[in-house]
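Counting from 1, one number per residue, gives the positions in the sequence shown under full-length UniProt numbering.
Just so it is clear, CB atoms sit at the ideal spot from N, CA and C, and this is done for glycine as well.
Keep in mind the model is a prediction, meaning the values are calculated, not measured.
One structure is given below, encoded as structure tokens.
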Amino acid sequence: MTRIKLGMVGGGKDAFIGAVHRIAARMDDRFELVAGALSSTPEKARESGRALGLAPDRTYDDYVAMAKREARLKDGIAAVAIVTPNHMHAPVAREFLKRGIHVICDKPLTATLAEARKLVAAAEKSDALFILTHNYTGYPLMRHARQMIAEGALGRIRVVQVEYAQDWLAEAPEPDNKQAAWRTDPAKSGVGGSTGDIGTHAYNLACFVTGLKLDSLAADLDAFVPGRQVDDNGHVMLRFQGGAKGMLWCSQVATGSENRLTLRVYGEKGGIEWGQENPNVMRYTPLGGVTQLLTRNGASGTTTGTRVPGGHPEGYLEAFANIYAAAADAIDAARTGEKSSALYPTIQDGLDGVAFVDACARSSRRNAAWITL
């Protein structure tokens, strides 16, 4: 199989998520990184390109020049991974979409709802695919849970509880902590702090697994760290279409929590419980029955997207790689004009996520008033 030529915007030296995307893209040997505009600083962009072994003439000082030249090259990139701070997602994506280059973009889709709507319009005009890397949807047991719920194993859904708790922003970060700096700057992150950074993951996962659509929400957001301009903790009540209710908690000041993403779903016939820090096991309890521990390889239908035998733990990077594998399937299908059944988060999921963050901010400003999406 011919590797898909991949470019990257952002993700240079000291950028955590860029390295994650590169590992995920290569895990199944479906992509080859050949070009990049890896930093907003030309010197750092070139240094990062050398470190990754990119050819000098395909290491670009800015993403516009990269998009223009790669689109003209006979062997130019077929797809680009966008791993910049949030405020740059929209302008970068538009440059590649209008040239027919497929986009694989980190979440959230954009920094503002207005930008998200414009980007959706741009994507609809393009022949290129748009894949959003909500990587937690790549966990095999979350895909199995989605299948169970779709097939009616839990019955009509009543309650959805989802939370994502961290503690890495419990204090004001050091000035040289670049990962924290842009995430706590509303000009770069958007109106959401914890809601935009991790709340969107929790919200997306809840909707992905249950298939539910949100009707309205009421959010109480806080910035506990003095001087912080975006929220670092959020409590959100959810009302879904069809009558199910939910609660979402996202926090980056939860002392003792590392990446505690958990999902609990309760229906008329049963319930499930899952935690990202131990992703290879899920509890399933049928109403009136015995609780079962479903494992990644033991549960029917979960073997797709796994790479090692049961008992060997898989986690974050493998789930991320499942999104890239789906992207590769979809891109290969697009090359031949075939219809693809690849499962990945779309630009519409991205729009829903930004709308969620926007509604949370508006609700909190109105003393946790209910906001209809």
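Residue i Cβ short of 6 Å to the ligand ZN heavy atom set
i	result
ASP358	Absence of the ligand ZN from the depicted structure is noted, as is the absence of any ligand whatsoever, leaving it without description.
Option nearest residue i by Cα separation, candidates the options
i	options	result
GLY337	TYR344, ASP329 and LEU343	ASP329
GLU95	LEU119, CYS250 and ARG50	LEU119
TYR284	TRP370, MET148, SER364 and GLY256	MET148
ALA153	GLY12, LYS269 and SER194	LYS269
ALA25	ALA111, LYS13, GLU47 and VAL80	VAL80
LEU233	LEU317, THR255 and ARG239	Strictly speaking, residue 233 in this sequence is Asn, with Leu absent from that position. Looking at the Cα atoms, THR255 is the closest of the given residues.
VAL225	ILE17, MET237 and GLN252	GLN252
PHE31	THR262, THR184, VAL236 and ALA327	ALA327
THR184	LEU238, ALA244 and GLN229	GLN229
VAL92	ASP75, LEU73, ALA65 and LYS74	ALA65
PRO173	GLY211, GLY227, SER126 and VAL191	GLY227
SER311	ARG296, GLY305 and LEU317	The sequence as given places Gly at residue 311; Ser does not occur at that position. Minimum Cα distance to GLY311 is reached at ARG296.
THR306	GLY353, ARG143 and GLY53	ARG143
TRP370	GLY350, LYS74 and HIS235	HIS235
ASP197	VAL354, LEU317, TYR139 and PRO286	VAL354
LEU317	GLU277, ARG50 and ARG362	GLU277
ILE331	PRO279, ASP127, ALA15 and THR41	ASP127
MET1	SER364, ALA333 and GLY350	ALA333
ASN280	LEU141, VAL265, VAL191 and ASP29	LEU141
PHE240	ASP222, ASN259 and LEU212	LEU212
ASP14	ASP29, ASP176 and ALA121	ASP176
ALA150	LEU54, VAL265, ALA121 and ALA223	VAL265
TYR63	LEU287, SER40 and MET282	SER40
GLY271	LEU287, ASP231 and GLY11	LEU287
PRO186	VAL9, ASP231 and LEU54	ASP231
TRP274	ARG117, GLY12 and ARG146	ARG146
ALA223	ALA361, TYR344 and ARG117	ALA361
ASP349	ARG117, GLY193, LEU261 and ARG366	ARG117
THR304	TYR139, THR262 and ARG366	TYR139
Cutoff 7 Å; reference residue i; Cβ partners in own chain excluding five residues on either side
i	result
ALA368	ALA218, ALA219 and ASP220
GLU115	ALA90
VAL308	GLU314
MET237	LEU217, ALA218 and MET247
THR59	GLY36, ALA45, ARG46 and GLY49
SER364	ALA219, ASP220 and LEU221
ASN259	GLN166, GLN276 and GLU277
Opposing strand residues paired with residue i [DSSP bridges]
i	result
HIS235	ASP220 and TRP249
LEU214	PHE240
PHE31	ILE4
THR262	GLU163 and GLY275
ALA37	VAL9
THR372	SER216
THR200	For THR200, which the question treats as bridged, DSSP gives no partner whatsoever.
VAL83	GLY10
THR59	GLY36
GLY270	PRO286
Beta-carbon proximity list for residue i, same chain, < 6 Å, skipping 5 on both sides
i	result
PHE130	VAL103, ALA123 and ILE347
LYS188	PRO85, HIS87 and TRP182
HIS21	ALA81 and VAL83
MET27	ALA321
ALA170	VAL253 and THR255
SER257	ALA165, GLN166 and ASP167
GLY155	GLY267, GLU268 and LYS269
ALA359	LEU217, ILE371 and LEU373
ARG99	ALA67 and ALA71
ILE157	THR210, ALA244 and GLY267
PRO42	ASP61
TRP249	GLU163 and HIS235
Contacting residues, own chain, Cβ-Cβ under 8 Å from residue i (five flanking each side not counted)
i	result
PHE356	THR195, GLY199, THR200, TYR203, LEU214, LEU217 and LEU373
ILE77	LYS5, LEU6, GLY7, VAL34, ALA35, GLU70 and ILE101
residue 374	For residue 374 there is no data in the structure shown, the boundaries of the chain being 1 and 373.
THR112	GLY190, VAL191, VAL354 and ASP358
PHE16	GLN179
ALA19	GLY11
ARG3	ASP29, ARG30, PHE31 and GLU32
Determine, using beta-carbon pairs with one atom in the stretch 149 to 162 and one in the stretch 206 to 213, whether at least three such pairs fall under 8 Å. yes
Would you call the stretch 310 to 329 and the stretch 135 to 146 in contact, with 3 or more CB pairs under 8 Å? yes
On the three-pair Cβ rule with 8 Å, is the stretch 106 to 113 touching the stretch 284 to 292? no
Segments assigned beta strand (DSSP E), at least 3 residues, entirely inside the stretch 272 to 334: 281 to 286 and 292 to 295
Extract the residue ranges of the beta strand (DSSP E) inside the stretch 97 to 170, only unbroken runs of 3 or more that lie entirely within it. 102 to 105, 130 to 132 and 157 to 165
Go through the stretch 329 to 367 residue by residue and report every complete run of the beta strand (DSSP E) that reaches 3 residues or more, in order. none
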